[in-house]
Structures are given as C-alpha cells and as structure tokens.
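These protein sequence lines map, in sequence, to chains A and B. At position 10 of the first sequence (counting the first as 1) the number is 10 in my numbering, and the numbers step up by one without a gap. At position 151 of the second sequence (counting the first as 1) the number is 151 in my numbering, and the numbers step up by one without a gap. Ideal Cβ positions, reconstructed from N, Cα and C, are used throughout, including at glycine.
There are 2 protein chains.
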Amino acid sequence: MTGTGTFKYVQQRQTAIRAAATVFAEKGFHGACTKDIAERMGIKQGSLYYYFKSKEEALGEVCLYGIQNYVEHMATIADSEQPFEAKLVATVTSHLSSYRERNEALKVYNDERLYLPKARRSRLKKLGSDYRQRLEGIFEEGKETGAVRRSVDCHFAAQAVIGMCNAWGDLIVRDSELDLFEVIQKCTDLLINGFTKQS
Amino acid sequence: MTGTGTFKYVQQRQTAIRAAATVFAEKGFHGACTKDIAERMGIKQGSLYYYFKSKEEALGEVCLYGIQNYVEHMATIADSEQPFEAKLVATVTSHLSSYRERNEALKVYNDERLYLPKARRSRLKKLGSDYRQRLEGIFEEGKETGAVRRSVDCHFAAQAVIGMCNAWGDLIVRDSELDLFEVIQKCTDLLINGFTKQS
DNA sequence: GACGGATTCTATAGACTTATAGAAAAAAGG
DNA sequence: CCTTTTTTCTATAAGTCTATAGAATCCGTC
Chain A
1 MTGTGTFKYV QQRQTAIRAA ATVFAEKGFH GACTKDIAER MGIKQGSLYY
51 YFKSKEEALG EVCLYGIQNY VEHMATIADS EQPFEAKLVA TVTSHLSSYR
101 ERNEALKVYN DERLYLPKAR RSRLKKLGSD YRQRLEGIFE EGKETGAVRR
151 SVDCHFAAQA VIGMCNAWGD LIVRDSELDL FEVIQKCTDL LINGFTKQS
Chain B
1 MTGTGTFKYV QQRQTAIRAA ATVFAEKGFH GACTKDIAER MGIKQGSLYY
51 YFKSKEEALG EVCLYGIQNY VEHMATIADS EQPFEAKLVA TVTSHLSSYR
101 ERNEALKVYN DERLYLPKAR RSRLKKLGSD YRQRLEGIFE EGKETGAVRR
151 SVDCHFAAQA VIGMCNAWGD LIVRDSELDL FEVIQKCTDL LINGFTKQS
C-alpha cells in the first residue's frame, strides 16, 4: 500500500512532489486538478493516490519541500562567525537561489500554504517564524557590533528582507532569463546601504 | 437586462465588486465560488449573474478596481514639482494606503490576475507597466538632480519599491492592527538610505 | 515460470460549480 | 391601481473534480 520504502516508490514520490509544485505554481491549488499533476508525471489521475492520500497532502509536501532547504541553511548562516554584511549577503543568496533550484515549490509555499489544513499549516508556520527570528537576530547582532544603524527596527528589517526576496523570487521563477546573481547583487546593495552605517 | 444605469444597479454592482474582492482574496479565484460572493452581498447565487456575465468578469472588475486608484494617483505624483525624496514618499504612501482603503482588491490584483482571460489581462498589464515606468522615471530624474546615487539601477529600483509595497500590503490586509504610517515611515527610510546620497 | 508484492490502470460514485431560463416579487411611473 | 421595468428567486442542465475499488500489469526472486 503506502509508506513502503521501495526504491522506486521514494523516487517517484519525489517526482510527484515536483510535478505538483509545477502545477500548483501555475494554476494555484484550487485551479489545479489531480489529473494535471498525474499527467505531468506520466501516470493516470487515479494512480496519483498511490503516492498521496489527498490533494491537500500533496500541497503539504510541496510546501515543506519548498522551504526546508533555505530554512535549514539559515541556522548555519546565523550561527557562523561572519560579520553582519556577509551574513546578510549569505541570507539573500540562499533565499533567492532556492527559488531557482527548487523552482516552483517555494512560490507555492508563499502563495498557497493558507489552503492547507490547520495542523499542517501551523507546523510550517513555525519553520517560517523561526527563519524570521533568526534573521532578526542577525540584525540585532549587527546593531551591537555597530554595523547596523541605531535607528533600524530589526523586526521590520527582517520582514523587509524576506518580502523583497519573495517579490524577486516570483520574478525569478516566472522569467528564467533573469540573472540570479545580478539580482542578488542589487538586493544586497540596497539593503546594505539602507540599513548599515556608511563607512 | 444588463448595463442599465439605474441608481440601484450602479450601487449594487459596486457592492458586488467589493464582495467578490473579499471572497477572492480569502479563497483565491478558483477556490471561491459564486455562491460565496452572492451570499456575502445577501442575494442568491443565480442573482449574481444579473451583475456579472461570468465569474471571470467579476475578477476583472475587482482587479481593475484594485489598481485604478493608485495608478491614477501616480501620474499626479510623477508630474508634480517635488524633489525626489518627496515623490518617493508620496508613491509609497499612495500604494500602501490603497491596501487599507480598497482592502482586498489590490491583493486580488496581485495574486489572481493571471487567471483572467488574455484580453482583459493585457489591458491591466498595460496599467501596471505604465506605473512601473513612471516610477522608474522618478528614479532617473533623481539621478539627474543628484539625489540618487549613480550606481543605482533605476529599473531594479522601481521593481524593488513595488515589490516591497506589495509584500507589506499583504501584511497590512491580513493584520488590521498594523500601523500603516509606521510601515510607510520605515519603508521610505530604508529606500531613501538605500538609494540616495547621504547628506 | 510461478509467486507475491509493487505499481498503474479503468471505471465510477458522489459532490460541487457555473451559467441559464423562466417565474416571482419589488419598485417606479403614470 | 394598473403597467412597465428592475431586481431577485427557484430549479436545473451540463460539466468538472476528488477519491475509491477492484482489476490488470510489471518485476524481482525463488
């Protein structure tokens, strides 16, 4: 039935998650139908239920897959021994790179997670707010070391970084020609000028 | 039939648009059903079609209603005789205020417009890109007068402003306790520090 | 090549939605 | 108060979609 640890099963479930990510990103959770997802992975609609108990479960897996990566990465960045600016650059780089690597999953997390059943949503919410808090911590640390201007509101700053990354992430997903490193460069430029003391 | 200019008709169509905005914002275009919208305005599902030819038309009207306001306002700002910083503040203020005043419609424009039929979508797209171009123009002007740093990419800057406003707008719609003017204050602070020369 | 589990298929029940048609009610006008 | 117009209602056709059940196929192993 389900949950078997076969080789193919694990592999195919992964493809299923990616397929779902693509379709959800394109049509939204409610606009997408299970037939679309199944077709994209080359199986028939009914067969999809071999991998997911329900459409909602598929959404949950996509959302998790979307943020896992950069949320885990954040712990490393925050705990590292780098100066404020380097941490900020690392954060933006990690966040925006995730949009390229994981393609649509992160976008789906941002746009569709509120359609998840409550239990699953609050688990994800925790990951999200951990992320924000750690970022906030980076700003506070920056204030202590004198890198960040005294007048900066760290909570606001963290939110602004995330918001900006997501806004650009959307464009990155939509337009594959967009130069990722140019975007990273300009975002960090704006943020460093906006938040740090001029030397 | 339709299109009559009766008093009540005009008034009710307006309520219909607002009702649709709320429901679309909450459940997304595909997740919302015409019954939800009708109920919210106190009529039965079928009666909604007295005001809209289709669900898609409703979405179109909501999107238009969402941006009309601040897009029109932009022309005034761009053409005015203020220094760069004042124009930037005015833009952010106008954009974020729209989120409060027009409630969900602007959010719907951002999140759901891609589900519109092509013809309608491209008309809206034009409004959106006019907006961005004018904002870009403000930055270019700022560069000429020396307010904006030479290294700034005006196209990027305009996109960043819009992205940041939308990210905060989302939070503003979701959390009605958020202090609008505090957000405006901090956003403009970040942007001015990020893009202009320090005095 | 027969067995057993893993994977996919077909078919369908049941629920929900949009949009329309025509009747009914309400409001306006003379 | 009767007529006309506007607005809302009920009922429903036609379509779509999720999820399940049971049959069929694939595939490695003995």
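- Just so you know, the alpha carbons of B/R123 and B/P117 end up roughly 11 Å apart.
- In this structure A/E182 is exposed. Its beta-carbon is surrounded by fewer than 16 other beta-carbon atoms within 10 angstroms.
- Using a C-beta cut-off of 8 Å, the stretch 90-104 of chain A makes contact with the stretch 57-70 of chain A, since at least three inter-stretch Cβ pairs fall below that distance.
- Distance check between B/Y70 and each of B/T15, B/T93, B/D111 places B/T93 closest, using alpha-carbon atoms only.
- Excluding its 5 nearest sequence neighbours in each direction, B/E56 has C-beta neighbours in its own chain below 7 Å: L116, P117, listed in chain order.
- For A/V89, the three-state secondary structure derived from DSSP is helix.
- DSSP, reduced to helix, strand and coil, places B/T76 within a helical segment of the structure shown.
- Note on geometry: alpha-carbon atoms of A/V10 and A/E72 lie some 22 Å from one another.
- By the neighbour-count definition (other C-beta atoms within 10 Å, threshold 16), A/R18 is a buried residue.
- Judged by their CB atoms, B/L59 and B/F29 are nearer to each other than the 8 Å cut-off.
- With a threshold of 8 Å between beta carbons, B/H30 makes contact with chain A.
- Considering only beta carbons, the part of the stretch 114-131 of chain B lying closer than 7 Å to chain A consists of Y115, in chain order.
- Within the model, the alpha-carbon separation for B/G194 versus B/E136 is close to 15 Å.
- Taking all protein chains in view, the Cβ of A/A75 is surrounded by fewer than 16 other Cβ atoms within 10 Å, so the residue is classified as exposed.
- Contact annotation, B/L127 with B/L180: C-beta distance approximately 24 Å; criterion of less than 8 Å not satisfied.
- Taking C-beta separations shorter than 7 Å and ignoring five residues to either side along the sequence, the partners of B/R120 in its chain run G60, following chain order.
- A distance of 8 Å or more separates the beta carbons of B/Y109 and B/I172.
- DSSP, read as helix, strand or coil, puts B/V173 in helix.
- Rounded to whole angstroms, the Cβ separation of A/F24 and A/A16 is 12 Å, and the two are not in contact under 8 Å.
- Beyond the five residues adjoining it in sequence on each side, B/V62 comes within less than 7 Å, by CB distance, of I17, A20, A21, F24, A105, V108 in the same chain, given in chain order.
- The criterion of a C-beta distance shorter than 8 Å is satisfied by A/Q12 and A/Y51.
- Nearest CB-CB separation between A/N103 and chain B: not below the 8 Å threshold.
- Judged by their CB atoms, B/D111 and A/D111 are nearer to each other than the 8 Å cut-off.
- Among the residues of the stretch 158-170 of chain B, those with a Cβ less than 7 Å away from any Cβ of chain A are A160, G163, M164, N166, A167, W168, in the order of the chain.
- Excluding five sequence positions before and after B/T34, the CB atoms of its chain that fall closer than 7 Å to its own CB belong to Q45, L48, K55, given in chain order.
- As the crow flies, the alpha-carbon of A/Q185 is around 35 Å from that of A/R40.
- With a beta-carbon spacing of about 7 Å, A/T196 and A/R149 fall inside the 8 Å limit used to define contacts.
- Taking a 10 Å sphere around the C-beta of A/R174, we find fewer than 16 other C-beta atoms and assign the residue as exposed.
- Taking the CA atoms as reference points, A/F139 sits about 37 Å from B/E81.
- Taking the CA atoms as reference points, A/K53 sits about 50 Å from B/I192.
- One alpha carbon belongs to A/S176, the other to A/C165, and they sit about 16 Å apart.
- One thing to note: A/I162 has its Cβ within 8 Å of the Cβ of A/R132.
- Taking C-beta separations shorter than 6 Å and ignoring five residues to either side along the sequence, the partners of A/C154 in its chain run E136, F139, E140, following chain order.
- Against chain A, the beta carbon of B/F156 has neighbours under 7 Å at K186, listed in chain order.
- Per DSSP, the continuous alpha helix (DSSP H) segment holding B/T15 begins and ends at 7-31.
- The beta carbon of B/G146 does not come within 8 Å of any beta carbon belonging to chain A, so the residue lies off that interface.
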